[in-house]
Amino acid sequence: MTALPAPARPRRAGIKRLGRRFARAATACALALPLLAGCYLPDRFESEIRLTQTGEYGLYYEGDLIWLPLVRDLRMGKVTEAEIPEKMDVLEADLARDSNFSKVEPTGTARFAVEYNRLGKLNWPELVTFVRRNARIISMETDPETGTVSVRGSQAIKMIDPETIERIGLNSRGLLRVTTNAEVIEHNADSVRSGPRGYTLYDWNINGVRGQEPRLKARLRAH
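Per UniProt numbering, the sequence shown starts with residue 1, numbered consecutively.
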């Protein structure tokens, strides 16, 4: 795999286009709040967290997001084909509310091709999530008592069980990387290698919805 680009602030042009979509779908969003409390399935993705020992971070994701509740409802006959375009507009507008997305493009039923870049510095305590708190794919959580940060890449599918996901032909494939110069005290990465300037690269190769949840805990400098 080629090196992932450094996380950067999003391009604004795409967000302007998405903002117009949001304005058109604002009323629909207000009526569809129960729909938005669910989970996304990541697929065909490359994602990286760059984390310094003093807590500065960059979070990058490029790939697909699949909204599982819509797939489920379509299969169960709760949603008709005619209703899908409106529901896709609602979902696209909801993602566009986060200005860290520089790209949100529908590519099929319940599927979006996205690019996400976020920069920041961790506070104590703090929970950083992607996509959001009620639909976590990646999270970083600090613990002020231990001076540590826990990184998780969740594959816990809460809305639909793995057997159902596989039966309807969906999958989760991609790579999650954590690049850090912090002291890592535990992890379950598939591979580890040294990088430049004292950084270490921890990689998880995701291929399916049944694997263990990627996790890493690191100790940061005194805060």
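Using N, Cα and C, we set each Cβ at its ideal position, and we do this for glycine too.
For clarity, every value in this text was computed on a predicted model and none was experimentally measured.
C-alpha gap between residue i and residue j, whole angstroms
| i | j | result |
| --- | --- | --- |
| V79 | D73 | 6 Å |
| R219 | F45 | 28 Å |
| L70 | R136 | 17 Å |
| D161 | T200 | 34 Å |
| E213 | I138 | 10 Å |
| T52 | D64 | 27 Å |
| T129 | I49 | 12 Å |
| G14 | E163 | Its pLDDT being 39, under 50, G14 is placed unreliably in this model, and the coordinates cannot settle the point. |
| K87 | G77 | 15 Å |
| L68 | R132 | 15 Å |
| E81 | T146 | 51 Å |
| V149 | L95 | 26 Å |
| A109 | I84 | This sequence places Thr at residue 109; Ala is not what is there. Taking the straight line from one Cα to the other gives about 7 Å. |
| V184 | S99 | 31 Å |
| G198 | A113 | 33 Å |
| G195 | R221 | 20 Å |
| N134 | T180 | 26 Å |
Integer Cβ distance of residue i from residue j, believed to fall under 8 Å
| i | j | result |
| --- | --- | --- |
| L170 | N205 | At roughly 18 Å, the Cβ-Cβ gap does not stay under 8 Å, so L170 and N205 are not in contact. |
| L216 | V178 | 5 Å |
| E152 | N207 | The sequence shown places Arg at residue 152, not Glu. Actually they are not in contact, since the Cβ atoms of R152 and N207 sit about 18 Å apart, beyond 8 Å. |
| A189 | Y202 | 4 Å |
| R75 | I168 | 6 Å |
Residue i, buried or exposed, once every other Cβ within 10 Å from all chains shown has been counted against 16
| i | result |
| --- | --- |
| P42 | buried |
| M140 | buried |
| T142 | buried |
| W124 | exposed |
| V209 | buried |
| S47 | buried |
| S102 | buried |
| I66 | buried |
| E186 | exposed |
| R111 | buried |
| C39 | buried |
Among the options, the one whose alpha carbon lies nearest that of residue i
| i | options | result |
| --- | --- | --- |
| R97 | I84, W124 and Y116 | Y116 |
| L90 | V114, G77, R75 and P106 | Reading the sequence as shown, one finds Val at residue 90 and not Leu. Ranking the options by Cα distance to V90, first place goes to P106. |
| L127 | G198, P144 and A113 | P144 |
| Y61 | A93, C39 and V104 | V104 |
| G211 | E92, A93, S154 and N134 | S154 |
Distance cut-off 7 Å: residue i Cβ against heavy atoms of the ligand MN
| i | result |
| --- | --- |
| S172 | You won't find the ligand MN in this model; it holds no ligand whatsoever. |
Indicate whether the contact test is met: 3 or more Cβ pairs, each with one atom in the segment 119-131 and one in the segment 51-67, closer than 8 Å.
Yes: the two stretches touch, three or more of their Cβ pairs being nearer than 8 Å.
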